[in-house]
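Since the structure comes first, as structure tokens, the remarks are kept for the end.
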Amino acid sequence: MQAIQYVKSIPRWLTTRLLGKRWPALYTGPTACIRLAEVPEPSLPGPRWVRIATRMSGICGSDLAAITAKGTPYFSPLTSAPFVLGHENVGVVAEIGSAVTRGRVGQRVAIQPSLCCAVREVPCCQACAAGHFGACEHVMQGTLSPGIQTGYCRDTGGGWSPRFVAHEEQVYPLPDTLPDETAVLLEPLACAIHALLRARPADGQTALVLGCGTIGLLTIAALRRLFPRVRIAAAARYPHQERLANSLGADLVWGPSANLYEETCRLTKARMLRPELGKPVVLGGMDLVFDCVGSSNTLDDALRLCRSQGAVVLVGMPGELNRIDGTPLWHKEIRVLGAYTYGMEEYQGERLSTFTLAERLLLAEPDRFATLVGARFRLSDYRTAIDTALHTGRSGVAKTVFVFEPIA
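Written out as structure tokens, the structure is:
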């Protein structure tokens, strides 16, 4: 079968990282880290595994970071190459192992991609015992090759191919009332929800969402629906992002021409001071800032715009950071919270999976969420698909996905 495969190669990675920004065609060219390749279908690793025929798979920011070599080597020992990308997946169960009890052939499903202790069938680590499967400490153990998620492990395959395999613990059955173009948002919406529950906004607080790509827009949507008494401001870069941020529940959306420091001070009645050099100093500011970009510049702004003893949440998964002034961090005693994937959550006295909470939000407004999925491509058009996902301002698209032939 054909699949988009990532190949580990230091020369390819360095070429992409050093020259790709100037010549973007290198991201999918002959020297790229990815290729459209003919690969064998992965075999079922054990009797509790299923084979899934892909219907739709999203292009995530973490995929783009791998393709453009903008990430760091941090995750390198936690993956096994060559691997087929794609972890935001919707498909149909095509085959089940002999011991599977949680899936049936023909069932439409999403997957929870973490390759955690339960999936590896090894003793439970501390993180998994706490319900934080994305931080599993045993991602190198068991008979499965290393990999933090489906889409980063050579044994499982990924959604950027017609078929991949998943453990029954990963399988998440989908109701008929949740169409593919909404269900494909389950995984990124769960990421946004987990980030919110790391911070747990209080009624009456004001939150700023920096960046209105897919994860920023889903953060706005989840914030409005799970914490309806929080005031939401958002910083968007493109007109289509402004429109979507408003439709998903932001109270205020500031475009690229807005001065975030002046607008923050106006909204929160904070005071802005100007040092002899550098960015403004803000006394007061936002109760919460969700950095959904993950750049040095946005994190620097987030720390400056946050009030004393407020919180900054790293939703956009930053890598190497430079030129960040750490002074506001200790001067204002700001809490900086990491956020990665999802697991089990506590919300309104109920303990439930993040995916279940995400499904409830999607089922309540499937058509509204589906407006985020704006571009669909076949695997053979992967170069155009990746270019579309990388240049959302030009394309006017929030989420780009790969689609496959429907399964009868």
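This note's numbering puts the first residue of the sequence shown at 95, with every later residue one more than the last. Note that CB positions come from ideal geometry on N, CA and C, so glycine has one too.
> Is DSSP giving Val101 helix, strand or coil here?
Replying inline: The residue you call residue 101 lines up with position 7 of the sequence shown. DSSP places Val101 in coil when its eight states are reduced to three.
> From Gly372 to Thr465, what distance separates their C-alpha atoms?
Replying inline: Locating residue 372 in the sequence shown gives position 278, counting from the first residue. Locating residue 465 in the sequence shown gives position 371, counting from the first residue. Going from the Cα of Gly372 to the Cα of Thr465 covers about 40 Å.
> What are the residues that DSSP puts in a beta bridge with Tyr441?
Replying inline: Mapped onto the sequence shown, residue 441 falls at position 347. Answer by DSSP bridge pairing, in chain order: Glu444.
> Near Leu457, which residues of its chain fall below 8 Å by C-beta distance, leaving aside the five closest residues on each side in sequence?
Replying inline: Here residue 457 refers to the residue found at position 363 when the sequence shown is read from its first residue. Pro269, Thr271, Leu272, listed in sequence order.
> Is it true that the CB of Gln96 sits closer than 8 Å to the CB of Arg129?
Replying inline: Looking up residue 129 in the sequence shown gives position 35. Looking up residue 96 in the sequence shown gives position 2. Contact flag unset, no.
> So Cys247 packs on Leu209, CB below 8 Å; how close in whole Å?
Replying inline: Here residue 247 corresponds to residue number 153 of the sequence shown, with the count starting at 1. Here residue 209 corresponds to residue number 115 of the sequence shown, with the count starting at 1. The pair is a contact, with the Cβ atoms about 6 Å apart (cut-off 8 Å).
>> Using DSSP's beta-bridge definition, name the partner residues of Leu346.
In response: Against the sequence shown, residue 346 aligns to sequence position 252. As DSSP reads the structure, Leu346 sits in a beta bridge with Ala327.
> How would you call Leu108, buried or exposed, if buried means at least 16 neighbouring beta carbons within 10 angstroms?
Replying inline: In the sequence shown, counting from the first residue as 1, residue 108 sits at position 14. Exposed, by the Cβ-count rule.
> Should Ile104 go down as buried or exposed, given a rule of 16 or more other Cβ atoms within 10 Å for buried?
Replying inline: Within the sequence shown, the letter at position 10 stands for residue 104. Exposed is the call here.
> Near Val233, what residues of its chain come up, given a Cβ to Cβ distance below 7 Å and the 5 sequence neighbours on each side ignored?
Replying inline: By one-based count along the sequence shown, residue 233 stands at place 139. Excluding positions up to five away in sequence, the list reads Leu172, Leu209, Pro240, Gly241, Ile242.
> If you draw a straight line from the alpha carbon of Lys493 to that of Ile153, how long is it in whole angstroms?
Replying inline: Along the sequence shown, read from residue 1 onward, the residue named residue 493 stands at position 399. Along the sequence shown, read from residue 1 onward, the residue named residue 153 stands at position 59. Straight-line Cα distance between these residues: approximately 7 Å.
> For the segment 418 to 436 against the segment 210 to 217, are there 3 or more C-beta pairs whose distance is under 8 Å?
Replying inline: Between the segment 418 to 436 and the segment 210 to 217, the count of Cβ pairs shorter than 8 Å is below three; the stretches do not touch.
> Can Ile309 and Cys386 be called in contact, C-beta distance under 8 Å?
Replying inline: Against the sequence shown, residue 309 aligns to sequence position 215. Against the sequence shown, residue 386 aligns to sequence position 292. Yes, they are a contact pair.
>> Report the start-end ranges of each alpha helix (DSSP H) in the segment 252 to 312 that is 4 residues or longer and not cut off at the edges.
In response: 274 to 277, 280 to 293
> If Cys127 sits next to Ala163, beta carbons under 8 Å apart, how far is it from one beta carbon to the other, in whole angstroms?
Replying inline: Position 33 of the sequence shown holds residue 127. Position 69 of the sequence shown holds residue 163. Beta-carbon to beta-carbon, Cys127 and Ala163 are separated by about 7 Å, close enough to satisfy the 8 Å threshold.
> From the DSSP output, which residues share a beta bridge with Glu189?
Replying inline: Residue numbering aside, residue 189 sits at position 95 when the sequence shown is read from its first letter. Its beta-bridge partners are Arg145.
>> Give me the residue from Thr237, Ala289, Leu382 with the minimum Cα distance to Thr300.
In response: If you number the sequence shown from 1, residue 300 lands on position 206. It is Leu382 whose Cα lies nearest to the Cα of Thr300.
>> Once DSSP output is grouped into helix, strand and coil, what is the label at Asn183?
In response: Here residue 183 refers to the residue found at position 89 of the sequence shown. Correct three-state label for Asn183: strand.
> Nearest CA to the CA of Ser255: which residue from Gln264, Gly245, Pro460?
Replying inline: Translated into the one-based positions of the sequence shown, residue 255 becomes position 161. Out of Gln264, Gly245, Pro460, Gly245 has the C-alpha closest to the C-alpha of Ser255.
> So which of Leu158, Val101, Pro267 has the shortest CA-CA distance to Lys115?
Replying inline: The residue labelled residue 115 in the question sits at position 21 within the sequence shown. Among Leu158, Val101, Pro267, the Cα nearest to that of Lys115 belongs to Leu158.
> For Tyr332, which option in Ala229, Pro422, Ser192, Ser351 has the closest C-alpha, if you only look at C-alpha atoms?
Replying inline: By one-based count along the sequence shown, residue 332 stands at place 238. Cα-wise, what sits closest to Tyr332 is Ser351.
>> I'd like to check one pair, Leu346 with Leu367: are the Cβ atoms closer than 8 Å?
In response: Counted from its first residue, the sequence shown places residue 367 at position 273. Counted from its first residue, the sequence shown places residue 346 at position 252. In this structure, Leu367 lies away from Leu346, with their beta-carbon atoms at least 8 Å apart.
>> For Arg360, report the span of its beta strand (DSSP E) as first-last.
In response: In the sequence shown, residue 360 corresponds to position 266, counting from 1. Boundaries for Arg360: no beta strand (DSSP E) harbours it, while the alpha helix (DSSP H) harbouring it runs 354 to 362, taken from the DSSP string.
> Are the beta-carbon atoms belonging to Ile146 and Ala260 less than 8 Å from one another?
Replying inline: As a position in the sequence shown, residue 146 is number 52, starting the count at 1. As a position in the sequence shown, residue 260 is number 166, starting the count at 1. Annotated as proximal: Ile146 and Ala260, with beta-carbon spacing under 8 Å.
> To the nearest angstrom, how far is it from the Cα of Thr110 to the Cα of Ile161?
Replying inline: As a first step, residue 110 must be located in the sequence shown, where it is residue number 16. As a first step, residue 161 must be located in the sequence shown, where it is residue number 67. Distance between the alpha carbons of Thr110 and Ile161: 8 Å.
> Secondary structure at Ile128, three-state DSSP: helix, strand or coil?
Replying inline: Translated into positions along the sequence shown, residue 128 becomes position 34. Strand, per DSSP.
> Run through DSSP, which three-state label would Leu382 get?
Replying inline: Translated into the one-based positions of the sequence shown, residue 382 becomes position 288. Correct three-state label for Leu382: strand.
> Taking contact to mean at least 3 C-beta pairs separated by less than 8 Å, is the segment 437 to 448 in contact with the segment 468 to 479?
Replying inline: No contact exists between the segment 437 to 448 and the segment 468 to 479.
> Does the Cβ of Asp461 have 16 or more other Cβ atoms within 10 Å, making it buried, or fewer, making it exposed?
Replying inline: As a position in the sequence shown, residue 461 is number 367, starting the count at 1. With fewer than 16 Cβ atoms within 10 Å of its Cβ, Asp461 is classed as exposed.
> In terms of alpha-carbon separation, which member of His334, Glu357, Arg325, Leu354 lies closest to Ala344?
Replying inline: Residue numbering aside, residue 344 sits at position 250 when the sequence shown is read from its first letter. Comparing Cα positions, the closest option is Arg325.
> How should Leu415 be labelled, buried or exposed, when 16 other C-beta atoms within 10 angstroms of its C-beta is the threshold for buried?
Replying inline: Residue numbering aside, residue 415 sits at position 321 when the sequence shown is read from its first letter. It counts as exposed.
>> How far does the beta strand (DSSP E) with Val194 in it extend, from its first residue to its last?
In response: What you label residue 194 is simply residue 100 of the sequence shown in a count that begins at 1. Segment: none, Val194 is in no beta strand (DSSP E) and carries neither H nor E.
>> Suppose the cutoff is 7 Å on Cβ atoms and the five residues either side in sequence are ignored; what does the same chain contact list for Cys230 look like?
In response: By one-based count along the sequence shown, residue 230 stands at place 136. The residues are Ser208, Cys210, Cys211, Cys219, Ala221, Cys222.
> So who's on the other strand from Ala163, going by DSSP bridges?
Replying inline: The residue labelled residue 163 in the question sits at position 69 within the sequence shown. DSSP output for Ala163 lists no bridge partner at all.
> Mapping DSSP to helix, strand and coil, what is Thr482?
Replying inline: In the sequence shown, the residue the question calls residue 482 occupies position 388. Thr482: helix per DSSP, three-state reduction.
> Alpha carbon to alpha carbon, how far is Ala327 from Thr421?
Replying inline: Taking the first residue of the sequence shown as 1, we reach residue 327 at position 233. Taking the first residue of the sequence shown as 1, we reach residue 421 at position 327. The straight-line gap separating the alpha-carbon atoms of Ala327 and Thr421 is approximately 24 Å.
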